[in-house]
Amino acid sequence: MSGVAVLLLLAAAAAAPGRPGPVRVVPPPPDPVEALAQARTAVERAPSEFAPALAVARALTALGLTDEALAAFARSRSLLPDGPGGGATPAAGDAASAYLAPALLLRDLDRTGEAMRLLEEAAARRLGGADVHEQLALLRLADGLADEALAAVDAALAGGLKSPGLDLARGFALARDPERRGEALEILRGALEDGVEEPLVVHLEAADLLLAGARHPEALAHLRAAESLAPGEPEVAYRLGRTLAAAGDREGARAALERYRALREVRDQTAEAARAASDDLASGLSEAQRLATEGALDTAAERLAGLLETYPDHPQTAGVHSLRAKVLFSMGRVGAAAASIAEARALQPDRVENHYLEGLFLHTDGRAEEAAPALERALTLDPELGEAHALLGMIAAEAGRPAEAAERLERALALGLDGNAALRFNYARVLESLGRGEEAASQMEAFERLRTTPPR
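Just so we're aligned: 100 in numbering that gives the first Met the number 0 is position 101 of the sequence shown, and the numbers increase by one with no gaps anywhere.
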């Protein structure tokens, strides 16, 4: 927890066409923090069961907490039965996902070696279906291991597994072998006829195979299809120009390559605009922070509001909302601060401070019933957050639940807030209300020592 948050705690302590179809009600997506809280509760009830441990890993993945998720997936795998076919037991019905999901996370982190080892282990244990072998084959292909990729597919087929994805992976693997390109081409054509989910990639692969065999008209047909699927993709225009040139159509090649250059220029301009926006946001945020530190709160708030107006949908606005909330709170605009930190929390739900500050601001605004869930969410992400325990203790005390308040406040002291004079004072009052006079007196003594001791 940042120093700002600790200071705020002290302040609070002192204070079909043409025919309408049926209407479908789509439920909102589950709150990832709430999902994590429920999963952790389930783990507390059944610490040695696989399913709750897997649910924790999935919730952490949804929050973008990759390192924690990988550790949680490893924990869930440790709870699987030993030996091949462990996923057959009811407790391990989702056993394959304990390997497949972290493998995909590792892939996205460019840790393909670790990802492949996980999938190889899942395949050896015969967990899951074709998807494990599909992903293993694709990862091996991406790593330049065409023979090993084909081996993964063949092993799946030998085990009786079948899927369009396996067929496609086999086609991609065979395409790397010049002597088996014809076989690969037939597989890719079949995939397109069957309505493959990613036809663009298949069209481009088929076009490359046909171009290698100087079958220009057929290659061009696939590239035209790819162009219709992705008209703004520079790579498609480039390949089309290259193939037209090989076919002897210089004018068509020139036009395609000019389009390629134009698309690249648009993409570069878009990327440059995004970089400029990010730089402007970072500069504006730094300036607002400086203004707030110097006490120019009104000017800082105006600067932050201007950034939000200029870049309402930029992914980096979570930091702007967060700083604006702190500035507004310092200005005494508590309700507006709570609304702004809620925006930050919605954009960045994995950040503990957003949940804690939302709870703090709501409590200060007299909205304790709304504050408590926000603080519980903060503790879901960081169970050791003493500030949240302290504020929940205060809320419990205000609601006439002194036993709960005492437990929360004691926990906060144990988590490093023992030097907080206001917390000692509040804890003493709660203990006194519970009839624990000697303990209350000890806390008041600690309060007096802290109150009269000059800060270091």
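Cβ coordinates follow ideal geometry from the N, Cα and C atoms, glycine included.
Just so we're clear, the structure is a prediction, and the values are computed from it rather than from any experiment.
- M443 carries a helical assignment under DSSP once its states are collapsed to helix, strand and coil.
- Spatial neighbours of R74 in its own chain (CB-CB distance under 7 angstroms, excluding positions within 5 residues in sequence) are listed in chain order as A52.
- Distance check between M115 and each of L126, R125, L103 places L103 closest, using alpha-carbon atoms only.
- Rounded to whole angstroms, the gap between the alpha carbons of L408 and E357 is 20 angstroms.
- Secondary structure of G385 (DSSP, three-state): helix.
- Our two residues, M443 and L361, have alpha carbons roughly 28 angstroms apart in a direct line.
- At least 8 angstroms separates the beta-carbon of S47 from that of L79.
- Restricting attention to alpha helix (DSSP H) runs no shorter than 4 residues, the region 330-412 encloses them at 333-346, 351-363, 367-380, 385-397, 401-411, ordered along the chain.
- Judged by beta-carbon spacing, M330 lies beyond the 8 angstroms limit of A370, meaning their Cβ atoms are not closer than that value.
- The C-alpha of E431 lies about 35 angstroms from the C-alpha of E33.
- The beta carbon of A255 sits closer than 7 angstroms to the beta carbons of A236, L239, G240, L243 from its chain, once the five residues preceding and following it are set aside; these are given in chain order.
- Taking each of D193, F171, A94, A211 in turn and checking the Cα distance to A183, the smallest one comes out for F171.
- As the crow flies, the alpha-carbon of Q37 is around 19 angstroms from that of L391.
- Two segments are said to touch when three or more pairs of C-beta atoms, one from each, lie closer than 8 angstroms; by this definition the region 276-289 touches the region 307-321.
- At a Cβ-Cβ threshold of 8 angstroms, Y98 and A121 count as neighbours.
- In this structure, the alpha-carbon of A439 lies about 16 angstroms from that of A411.
- As the crow flies, the alpha-carbon of E113 is around 20 angstroms from that of D93.
- Short of 6 angstroms from the beta carbon of A61, and not among the five residues preceding or following it, lie these beta carbons of its own chain, in chain order: P31.
- Residues M115, L118, E119, A122, A151 of the same chain have their beta carbon placed closer than 7 angstroms to that of L135, with the five preceding and five following residues left out of the count.
- Boundaries of the alpha helix (DSSP H) around S75: 65-77.
- In this structure, the straight-line span from the alpha carbon of T451 to that of A389 is close to 22 angstroms.
- About 5 angstroms separates the beta carbon of A367 from that of I394, a gap short enough to meet the 8 angstroms contact definition.
- Excluding its 5 nearest sequence neighbours in each direction, R106 has C-beta neighbours in its own chain below 7 angstroms: A114, L138, listed in chain order.
- Here F424 has F446 as same chain residues with Cβ atoms under 7 angstroms from its own Cβ, once five neighbours each way along the sequence are excluded.
- In the structure shown, V326 falls within a helical segment according to DSSP collapsed to helix, strand and coil.
- For L199 against A218, the beta-carbon gap comes to about 15 angstroms, at or over 8 angstroms, which does not count as contact.
- Residue range 145-157 is occupied by the alpha helix (DSSP H) that includes V152.
- The three-state secondary structure of R125, taken from DSSP, is coil.
- In the DSSP assignment, Q315 falls outside any alpha helix (DSSP H) and carries neither an H nor an E.
- Taking the C-beta atoms as reference points, L414 is found no nearer than 8 angstroms to E375.
- If you check the CB distance, G318 and L290 do not come in under 8 angstroms.
- CA-to-CA, the gap between A246 and H215 works out to about 6 angstroms.
- If you check the CB distance, A141 and S162 do not come in under 8 angstroms.
- D207 and E178 have their C-alpha atoms roughly 15 angstroms apart.
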